[in-house]
Amino acid sequence: MKKVLITGFDPFGEDSINPTLEAIKQLQDYPLNGGVIVTCKVPVVRYKSVAAVIAAIEHEQPDVVITLGQATGRSAITPERVAINIDDFRIADNEGQQVIDQSVVENGPAAYFSSLPIKAIVNQIRLAGIPAQVSNSAGTFVCNHLFYGVQHYLQGRAIKHGFIHVPSLPSQATSGNEPSMALSLIVQALVIAAQTAIDTDDDILQSAGYIC
Ligand code: PCA
């Protein structure tokens, strides 16, 4: 039995809900083929976000970790390719910290790649009829911070980890000016991502290059 830890963030900024927090409520103890999903809630706070996920990893001893975040304005499920060693927050985090151009980890490498099979995940989600695309930037806010910090911690350990951004929920996008995705589709896509992560050792070769 493989264990997949999926993490969700608190609401942040102007939003009073976060689709990732709503998703993990439905994913706790979700049975996979040969595995199970466990979950953990994460504060939108520099450093504390990473500490919360490290504590959950130590407690759960998962085989795979999928960290999640909301990406307002995106219309697809987007597995992130890379985390970069920079915090450049466009807004304050949930403890009022707004840092500019500071390292996530002092003297850490410039970047870490996802160790999830991101292209296989995108393919499988698309086969279920749900929009998905590899993303080549997780931004420079708490999501990228968490992605980098957890990947840094996991160096030398046999635990796969990657970050997936999900769209806003329809109730967060009622102006009609922003894309959104129903919670049921987000949850379905994340189950597919978790299953694909435990089933796939080597990612597929398929172009996901874009002009950003
Ligand atoms: N999204 C933010 C942080 C928390 C979240 O859900 C981000 O993309 O950085």
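Numbering (numbering that gives the first Met the number 0), first residue to last: 0 to 211. Heads up, the beta-carbon is just placed ideally off N, CA and C, and yes, glycines get one too. Bear in mind the structure is a predicted one, so any value in this text is a computation, not a measurement.
Integer Cβ distance of residue i from residue j, believed to fall under 8 angstroms
i, j, result
"residue 103", "residue 84", "5 angstroms"
"residue 41", "residue 52", "6 angstroms"
"residue 92", "residue 44", "5 angstroms"
"residue 199", "residue 145", "Residue 199 to residue 145, Cβ: 23 angstroms. No contact."
"residue 124", "residue 203", "In fact, because the Cβ distance is near 13 angstroms, the residues do not count as touching under 8 angstroms."
Given residue i as reference, the closest of the options once Cα atoms are compared
i, options, result
"residue 11", "3, 27 and 68", "68"
"residue 26", "182, 208, 198 and 200", "182"
"residue 75", "149, 128 and 161", "128"
"residue 37", "49, 46, 57 and 44", "57"
"residue 193", "78, 17 and 71", "78"
"residue 30", "197, 116 and 14", "197"
"residue 130", "60, 165 and 143", "165"
"residue 112", "94, 160 and 87", "160"
"residue 212", "205, 189 and 200", "One cannot answer for residue 212 here, as it falls past the ends of the chain, which runs 0 to 211."
"residue 86", "110, 50 and 143", "143"
"residue 122", "110, 47 and 195", "195"
"residue 7", "1, 16 and 0", "16"
"residue 174", "46, 72, 0 and 152", "72"
"residue 141", "39, 49 and 1", "49"
DSSP bridge partner residues for residue i (one or two, in chain order)
i, result
"residue 24", "For residue 24, which the question treats as bridged, DSSP gives no partner whatsoever."
"residue 112", "81"
"residue 88", "None, per the DSSP bridge assignment."
"residue 131", "76"
"residue 164", "68 and 77"
"residue 19", "Paired residue(s): none; residue 19 is not in a bridge."
"residue 31", "34"
"residue 101", "86"
Exposed unless 16 or more other CB atoms sit within 10 angstroms - verdict on residue i
i, result
"residue 108", "exposed"
"residue 118", "buried"
"residue 162", "buried"
"residue 209", "exposed"
"residue 89", "exposed"
"residue 157", "exposed"
"residue 82", "buried"
Residue i, enclosing alpha helix (DSSP H) - first and last residue
i, result
"residue 41", "First-last for residue 41: 34–41, but that is the beta strand (DSSP E), not the alpha helix (DSSP H)."
"residue 195", "182–198"
"residue 65", "From DSSP, residue 65 is part of no alpha helix (DSSP H) but of the beta strand (DSSP E) over 63–69."
"residue 120", "117–126"
Residue i - containing beta strand (DSSP E), residue span
i, result
"residue 153", "First-last for residue 153: 141–153, but that is the alpha helix (DSSP H), not the beta strand (DSSP E)."
"residue 44", "From DSSP, residue 44 is part of no beta strand (DSSP E); its letter is neither H nor E."
"residue 4", "1–8"
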